[in-house]
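J.:
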Amino acid sequence: MKLTIIVSVLVIMTVSSVMSSTYFFGEQSKNSRLVFRDRVKYEAIPLKKRIKVYTYNGTLPIKAISCYDYQNSEASVNVTAGGVGYKYMELRLKSQRSYRLDYAIEIYSDS
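In mature numbering (1 follows the signal peptide of the UniProt record, and there is no 0), the protein residues as written are -20 to -1, 1 to 91.
As structure tokens, this is what we get:
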């Protein structure tokens, strides 16, 4: 019984750490292709959360947005304008306290 609880807790912790490092908005299909890739870095300040607003303006409607956190921290990403189905987007990236922001942002669209 104790072993089952320990294994369950470890699985939940592993899944939550993976989920916190990657954000994916939208849906990829076999026709989707990568149209834009960028790396966003914003240095840390001790005891402060870093907030960065990232914008993208394209020519094709966005099908999916992928945001990968290289820090594997508890940072958050929110779409604040546009996004899937639009030709533009605005992301709000917020770091964990005393951590830097280091994200790879990929945007997919149908060809």
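Even for Gly, the Cβ is constructed at its ideal location relative to N, Cα and C.
TYR68 and TYR36 - do their beta-carbons sit closer together than 8 Å?
T.: As a first step, residue 36 is located in the sequence shown; it is residue number 56 there, counting from the start. As a first step, residue 68 is located in the sequence shown; it is residue number 88 there, counting from the start. Yes, these two residues count as a Cβ contact at 8 Å.
J.: Which ranges does the beta strand (DSSP E) cover as unbroken runs of at least 3 residues, wholly within the region 36 to 60, from first to last along the chain?
T.: 44 to 49
J.: Please report how far the alpha carbon of GLY63 lies from the alpha carbon of PRO41, in whole angstroms.
T.: Within the sequence shown, numbered from 1, the residue matching residue 63 stands at position 83. Within the sequence shown, numbered from 1, the residue matching residue 41 stands at position 61. For GLY63 and PRO41, the gap between their C-alpha atoms comes out near 9 Å.
J.: Nearest by alpha-carbon distance to ASN58: which of PHE16, ASN52, SER46 and TYR50 is it?
T.: For this step, residue 58 is matched to residue 78 along the sequence shown. Minimum Cα distance to ASN58 is reached at SER46.
J.: Quick check: the Cα distance between SER56 and ASP82, rounded to an integer number of angstroms?
T.: One-based indexing of the sequence shown puts residue 56 at position 76. One-based indexing of the sequence shown puts residue 82 at position 102. If you take the alpha carbons of SER56 and ASP82, they lie about 12 Å apart.
J.: Go through the region 15 to 39 residue by residue and report every complete run of the beta strand (DSSP E) that reaches 3 residues or more, in order.
T.: 31 to 37
J.: Give every residue of the same chain whose Cβ lies closer than 6 Å to the Cβ of ARG19, excluding the five residues on either side of it in the sequence, and list them in chain order.
T.: The residue you call residue 19 lines up with position 39 of the sequence shown. Contacts found: ALA84.
J.: If we call anything under 8 Å between Cβ atoms a contact, is PHE4 one with ALA44?
T.: Numbered from its first residue, the sequence shown carries residue 4 at position 24. Numbered from its first residue, the sequence shown carries residue 44 at position 64. Taking 8 Å as the Cβ cut-off, PHE4 and ALA44 qualify as a contacting pair.
J.: By the 10 Å Cβ neighbour count, where 16 or more other Cβ atoms means buried, how is SER75 classified, buried or exposed?
T.: One-based indexing of the sequence shown puts residue 75 at position 95. Per the 10 Å Cβ criterion, buried.
J.: Going by the CB atoms, is the gap between SER1 and TYR48 shorter than 8 Å?
T.: Mapped onto the sequence shown, residue 48 falls at position 68. Mapped onto the sequence shown, residue 1 falls at position 21. In this structure, the beta-carbon distance from TYR48 to SER1 falls below 8 Å.
J.: CB LYS29 to CB ARG77, shorter than 8 Å?
T.: For the purposes of this step, residue 29 is taken as residue 49 along the sequence shown, with counting starting at 1. For the purposes of this step, residue 77 is taken as residue 97 along the sequence shown, with counting starting at 1. Yes.
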